[in-house]
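Protein chains: 2
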Amino acid sequence: MAQEVADRRDVDFVLHEQLEVEQLSRHDHFSEFTRKTVDLIVSEARNLALKELLSCQREADEEGCTFDSGQVTVPKAFHRAYDLFRQGEWIAMCDDPAWGGQGMPRTVAMAAENYFNGANFPFMLHNILIHGAGKLVERFGTDQQKDLYLKNMYTGKWGGSMLLTEPEAGSDVGALTTKAVKNDDGTYRISGSKIFISSGDTDLVKNIIHPVLARIEGAPAGTAGISLFLVPKFRVNKDGTPGEFNDIVCTGIEHKMGIHGSPTCAMTLGGKGACIGTLLGEENKGMRAMFVMMNEARLHVGMQGFACAGASYLNALNYARDRVQGAALTAPKGSSGIPIIQHPDIRRTLLSMKTASEAMRSLLFYVGFLEDKMTLSADKDEKARYQGLIDVLIPVAKGYVTDRAFELCSSGLQVFGGYGYTREYPQEQLLRDCRITQIYEGTNGIQAMDLLGRKLGLNQGQAFMDLVTEVEQTIGAAKKVTELASLADTLETTLNHLKETAGKLAGDLGSKNILTAFAHAHPFLDVTGDTLMGWMLLWRAVIAARKLGDNPKKKDTAFYQGQVTGARFFISTVLPVAQAKMAVIQAGDTSALDMADTAFGS
Amino acid sequence: MAQEVADRRDVDFVLHEQLEVEQLSRHDHFSEFTRKTVDLIVSEARNLALKELLSCQREADEEGCTFDSGQVTVPKAFHRAYDLFRQGEWIAMCDDPAWGGQGMPRTVAMAAENYFNGANFPFMLHNILIHGAGKLVERFGTDQQKDLYLKNMYTGKWGGSMLLTEPEAGSDVGALTTKAVKNDDGTYRISGSKIFISSGDTDLVKNIIHPVLARIEGAPAGTAGISLFLVPKFRVNKDGTPGEFNDIVCTGIEHKMGIHGSPTCAMTLGGKGACIGTLLGEENKGMRAMFVMMNEARLHVGMQGFACAGASYLNALNYARDRVQGAALTAPKGSSGIPIIQHPDIRRTLLSMKTASEAMRSLLFYVGFLEDKMTLSADKDEKARYQGLIDVLIPVAKGYVTDRAFELCSSGLQVFGGYGYTREYPQEQLLRDCRITQIYEGTNGIQAMDLLGRKLGLNQGQAFMDLVTEVEQTIGAAKKVTELASLADTLETTLNHLKETAGKLAGDLGSKNILTAFAHAHPFLDVTGDTLMGWMLLWRAVIAARKLGDNPKKKDTAFYQGQVTGARFFISTVLPVAQAKMAVIQAGDTSALDMADTAFGS
């Protein structure tokens with residue numbers, strides 16, 4: 001069986017049966033994206049992913065990136081893949097067609113990204129960074145900046161990166177020290193050092209446009225004094241022709257656990273000559289611009305982690321169907337071996353992977369769908385409601401999803417036994433690649449703090465309550481389906497516990513117990529995520545149960561029954577445990593705070 | 001601060017305060033091993049580990065093993081380390097002094113192994129395999145076999161391995177096809193292929209003695225027809241001088257996710273010439289011999305996993321103390337950064353790592369201690385009781401411990417943020433190395449099945465109940481300590497839930513629900529382990545509370561308070577969740593069994 005990276009039946013289920021993405025095409029803005037077009041897009045993405053990206057996944061991991069005299073070389077096979085990716089116009093799927101984007105609904109782009117990242121996430125990092133840098137120009141650039149750079153970025157002629165982290169400024173961006181001094185012509189001379197810069201240099205493209213966070217001379221300390229600049233690797237003359245080297249130099253690349261195909265660069269700006277940048281947006285408003293982009297960037301990271309986990313699941317499933325080992329537990333002694341999918345522990349592992357990865361797919365696509373609905377909405381309050389939902393969901397889509405994705409990748413390796421530990425199979429690479437997603441774009445600890453400290457109280461808690469309302473709608477629908485009623489009850493009880501837990505924590509935040517609350521931030525992220533996964537699976541089951549009533553084809557019957565059984569599995573086995581975790585959070589154990597520093601060890 | 005791999009204070013606590021290992025020296029058998037000697041052994045092990053093994057941990061990972069024309073080359077630095085390891089007489093720490101062993105209590109050896117494996121587990125694999133192969137000769141060999149091989153193995157002049165797995169016989173050893181045909185002189189011609197053979201070949205030693213599982217021509221199918229043979233790489237003449245090559249050939253090595261310093265070999269026996277082996281033990285009793293060694297081998301694997309996790313914890317702790325990032329949550333805006341150990345989420349992560357790794361240390365050393373008590377006991381019933389306790393604990397010491405150890409290694413990486421993902425720090429290697437421990441010596445799925453299917457009902461359930469009695473003794477002691485009484489109650493409630501859960505599953509095993517029971521085998525391993533970890537931490541806290549009453553020195557006060565607080569953390573936050581997991585097991589969800597194979601995905 002050919003290797004798959006995402007189950008097309010399930011991708012289509014989320015797009016067409018759960019989210020009914022075609023409804024978006026009823027609006028002028030997305031009128032092109034009919035069912036037929038959407039299906040074509042997904043098919044093309046799948047073909048490119050399986051034929052061109054997956055085929056160089058391992059090779060690129062083995063070859064890695066090299067650094068020699070300030071020049072980065074990416075894996076050879078990425079050049080062909082990149083040309084095809086550009087030709088397919090995949091870099092700026094959802095971006096403004098006026099500048100070379102495809103104007104696609106984000107929901108549909110999620111499906112394409114599912115395939116691309118499942119096939120070769122390190123390769124995708126190159127593209128996502130170009131898109132992200134371009135999006136900053138699209139959102140905050142002057143006409144001149146857009147004219148000079150944007151089309152060449154969205155079409156992939158030039159690359160992009162994002163220079164944020166410094167050795168002493170990681171989670172604490174406000175501590176950065178890269179300096180900007182204004183020139184008479186309105187440009188800035190930038191100087192400083194950055195680290196952990198994905199695609200800081202690459203031989204895939206002739207020029208790279210770097211958004212750079214820096215502090216203008218005399219600006220306030222902390223995040224209030226950070227500005228965003230656009231710094232090209234080679235300056236661009238006003239007529240668009242290439243100018244001289246801009247003294248932004250890669251000084252080395254990291255040797256990492258995974259994502260070997262993506263160069264993680266240390267960069268020095270203005271170390272020898274002049275590194276000239278132009279202001280992107282307003283002075284000292286750099287962090288605000290970054291925050292606008294943050295949701296999208298974090299959603300992408302959730303997608304990367306999930307896509308690895310989803311691919312790992314399908315590999316494990318196929319292996320478990322093929323691998324014969326051990327007789328059935330109930331068979332007479334001396335019976336022949338059976339495919340390991342028939343052993344209860346493997347079956348439990350697979351169902352646990354299936355339900356978690358499918359719930360992740362629904363959750364991530366749903367966030368994309370909310371963005372599309374927000375784009376289409378003309379009503380200010382409605383827009384704000386969508387924005388609130390997205391804001392609350394992002395730390396879950398990034399933090400919770402990547403935490404679980406790593407666990408799933410580990411389960412997917414385990415199903416292969418000793419073979420899973422070898423580089424002969426993709427499982428160990430998926431695990432290594434996936435591990436970065438818990439760290440970058442804000443560690444998952446930061447995501448947990450974001451959910452608790454910012455998102456829970458957003459709009460006086462209205463955003464969180466809007467999310468609760470959404471879950472309650474599914475619960476209401478499920479209660480009307482006989483076989484789902486008890487699952488709906490369990491989700492309802494869990495949701496009520498979650499509300500109580502959120503209320504308790506919100507109270508603690510405004511009290512002397514604030515540190516206790518934050519000591520339970522990550523567990524709170526976990527239980528919020530568990531509840532939302534249960535929601536997504538119940539939502540799926542409601543649809544599946546309805547479809548089963550219509551006497552579907554045999555293959556669809558199996559699929560829909562799998563949805564109902566999967567919901568039962570997750571809601572019956574995970575949610576009761578989540579409720580116990582909520583009780584623990586509410587009990588507010590302070591041990592971690594009570595420990596003397598010296599008591600942690602000598 | 002110099003890198004540590006195990007906290008000496010805690011190692012000493014377990015040896016001297018929790019297990020009171022000196023009591024063993026009151027018996028003739030262990031009379032040499034007084035407190036002073038034990039301390040010297042641990043100090044020497046620590047020195048060797050930190051100075052010689054840790055220093056080549058990364059180098060060996062980068063260099064890896066190479067394979068060229070049938071010859072395996074291990075990392076260069078391992079030669080020096082191996083010479084020192086041999087000189088220190090560490091290979092056969094607990095083995096028979098008559099054959100070159102040191103006759104050390106296993107409890108003490110656990111401390112040494114903690115240091116060695118924490119410093120360089122891939123290196124230690126070489127040694128543990130020599131010991132393991134030697135032990136088989138010691139236990140099952142004829143005098144002639146011992147004379148020819150054993151001293152050279154225990155002193156490390158010759159190597160050892162274990163040829164068990166075949167491509168179609170992994171978890172299902174009974175499926176193996178390697179063939180043995182008896183010669184007129186009583187030896188056997190062996191032919192077949194083996195895979196995943198650690199130290200199947202190496203340039204560390206001149207000869208390698210391979211125990212090999214094979215089926216004698218005409219023997220029954222399955223495990224009942226498997227015999228064990230001793231197959232040297234180079235035959236050994238009766239006078240001990242080296243003979244000719246024995247046609248046991250390494251045909252390649254695996255490229256793996258981790259343990260790069262340990263060659264994982266594919267082996268062909270008798271492919272060209274004659275590969276001659278001698279029977280070790282009795283015909284068709286090979287599996288029985290393997291089972292005798294299984295407990296020890298699995299305990300070692302638990303130690304490997306734990307040692308990685310323990311080292312990862314200490315690295316994370318030191319990093320968190322040094323790394324300044326972000327102001328305190330309660331500090332005024334613009335305040336300077338603080339060491340990240342002061343941030344609540346990092347603190348929770350560290351305490352979670354500390355408690356889990358310390359509980360693992362106690363559990364593993366305790367199993368070693370039970371072996372020593374069994375060795376010393378002259379009473380048949382008492383010996384049987386110790387054996388029963390060990391048998392029940394082994395799947396936990398291997399399966400549960402390595403599952404948690406991998407999670408700890410991941411937490412330990414996360415504390416380092418982006419740096420943790422780079423190869424500049426040891427965290428990512430510890431994670432990669434640790435991952436194998438969940439797989440080999442019986443996957444953790446097999447461990448879970450062993451606990452449920454074999455160990456729970458061992459001696460009509462007496463072994464499991466003996467373990468319960470041990471836990472209850474600690475609960476009784478803790479109830480008398482005011483500040484521990486409520487923790488004792490929580491552990492007691494959890495233990496009672498565990499007994500109920502075990503009873504439910506035991507009932508299912510003998511009924512038509514047997515597959516349902518096995519679908520919950522791994523969760524049952526989890527909750528059993530959680531309960532035992534809570535036990536170990538409460539046991540520690542009982543001692544610590546007593547010592548705190550004696551006005552200890554300041555440093556000891558911090559240590560003991562850390563024990564009490566740690567027990568509170570684990571028992572208050574983990575055990576309530578374990579209880580919920582037990583309720584889920586008892587509810588006996590059958591979803592995983594109900595799924596049609598086709599419903600898992602197309």
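Going down the list, the protein sequences come from chains A and B.
At position 444 of the first sequence the residue is numbered 444 (UniProt numbering), and the sequence of numbers has no breaks.
At position 446 of the second sequence the residue is numbered 446 (UniProt numbering), and the sequence of numbers has no breaks.
Note that CB positions come from ideal geometry on N, CA and C, so glycine has one too.
Pairwise C-alpha distance: residue j and residue i
| i | j | result |
| --- | --- | --- |
| residue 154(B) | residue 519(A) | 50 Å |
| residue 237(B) | residue 278(B) | 13 Å |
| residue 17(B) | residue 543(B) | 7 Å |
| residue 682(A) | residue 390(A) | Because chain A here runs from 1 to 602, residue 682(A) falls outside it and cannot be looked at. |
| residue 466(B) | residue 388(B) | 8 Å |
| residue 594(A) | residue 359(B) | 20 Å |
| residue 370(B) | residue 58(A) | 47 Å |
| residue 497(A) | residue 576(A) | 11 Å |
| residue 229(A) | residue 129(A) | 16 Å |
| residue 254(A) | residue 554(A) | 51 Å |
| residue 1(A) | residue 415(A) | Residue placement at residue 1(A) is flagged as unreliable, the pLDDT there being 47, under the threshold of 50; a coordinate-derived value is accordingly withheld. |
| residue 605(B) | residue 506(A) | Residue coverage of chain B in this structure runs from 1 to 602, which leaves residue 605(B) outside it and unanswerable. |
| residue 197(A) | residue 346(B) | 24 Å |
| residue 222(B) | residue 567(B) | 46 Å |
| residue 69(A) | residue 63(A) | 18 Å |
| residue 217(B) | residue 420(A) | 33 Å |
| residue 266(B) | residue 160(B) | 15 Å |
| residue 36(B) | residue 574(B) | 38 Å |
Residues near residue i by beta carbon distance below 8 Å, same chain, minus five either side
| i | result |
| --- | --- |
| residue 256(B) | 264, 436 |
| residue 145(A) | 137, 230, 278, 280 |
| residue 344(A) | 329 |
CB-CB length for residue i against residue j, believed under 8 Å
| i | j | result |
| --- | --- | --- |
| residue 313(A) | residue 285(A) | Residue 313(A) to residue 285(A), Cβ: 42 Å. No contact. |
| residue 250(B) | residue 72(B) | 6 Å |
| residue 304(A) | residue 117(A) | 5 Å |
6 Å CB neighbourhood of residue i in its chain, flanking five on each side removed
| i | result |
| --- | --- |
| residue 9(A) | 559 |
| residue 140(A) | 280, 281, 289 |
| residue 175(B) | 168, 169 |
| residue 103(A) | 97 |
| residue 459(B) | 388 |
| residue 101(A) | 92, 95, 154 |
| residue 109(A) | 93, 94 |
| residue 515(A) | 593 |
Spatial neighbours of residue i in its chain, beta-carbon cut-off 7 Å, leaving aside the 5 residues before and after
| i | result |
| --- | --- |
| residue 462(A) | 388 |
| residue 302(B) | 364, 397, 398, 401, 402 |
| residue 88(A) | 44, 48 |
| residue 447(B) | 395, 398, 399, 525 |
| residue 319(B) | 415, 416 |
Any non-hydrogen atom of the ligand SAM within 7 Å of residue i CB
| i | result |
| --- | --- |
| residue 554(B) | No copy of the ligand SAM appears in this structure; indeed no ligand is present at all. |
Query raised in the report: When Cβ atoms are compared, which residues of the region 563-584 of chain B fall closer than 8 Å to chain A?
Result: Answer set for the region 563-584 of chain B: 565, 566, 568, 569, 572, 573, 576, 577, 579, 580, 581, 583, 584.
Query - Members of the UniProt domain "Acyl-CoA oxidase/dehydrogenase middle" (162-269) of chain B near chain A, C-beta cut-off 9 Å - result: Within the UniProt domain "Acyl-CoA oxidase/dehydrogenase middle" (162-269) of chain B, the qualifying residues are 165, 168, 169, 170, 171, 172, 174, 175, 195, 196, 220, 221, 222, 224, 254, 255, 256, 257, 258, 259, 264.
Requested in this report: Report the residue ranges of all beta strand (DSSP E) runs contained in full by the region 212-266 of chain A; include only those spanning at least 3 residues, in chain order.
Outcome: Taking only runs of at least 3 residues, the beta strand (DSSP E) segments lying wholly in the region 212-266 of chain A are 226-232, 234-236, 242-245, 248-253.
Query - Residues of the region 432-462 of chain B with Cβ closer than 9 Å to any Cβ of chain A, in chain order - result: Those would be 432, 435, 436, 438, 439, 440, 443, 444, 445, 446, 448, 449, 453, in chain order.
Report task. Enumerate, from N- to C-terminal direction, the unbroken beta strand (DSSP E) stretches of 3 or more residues contained entirely within the region 63-96 of chain B. Result -> For the region 63-96 of chain B, whole beta strand (DSSP E) runs of length 3 or above, ordered along the chain, are 66-68, 71-73.
Report task. Could you name the residues of the region 513-540 of chain B whose beta carbon sits closer than 9 Å to any beta carbon of chain A, in the order they occur along the chain? Result -> Here the close residues are 514, 515, 516, 517, 518, 519, 520, 521, 522, 523.
Report task. Please list the residues of the region 386-417 of chain A that have a C-beta atom closer than 8 Å to any C-beta atom in chain B, keeping them in chain order. Result -> Hits within the stretch, in order: 406, 410, 413, 414, 417.
Report task. Anything in the region 128-142 of chain B with a Cβ closer than 7 Å to a Cβ of chain A? List those residues in chain order, please. Result -> Listed in sequence order: no entries.
Query raised in the report: Of all the residues that make up the region 546-563 of chain A, which are near chain B by a beta-carbon distance shorter than 8 Å?
Result: Taking 8 Å as the cut-off between beta carbons, the residues of the region 546-563 of chain A near chain B are 555, 558, 559, 561, 562, in sequence order.
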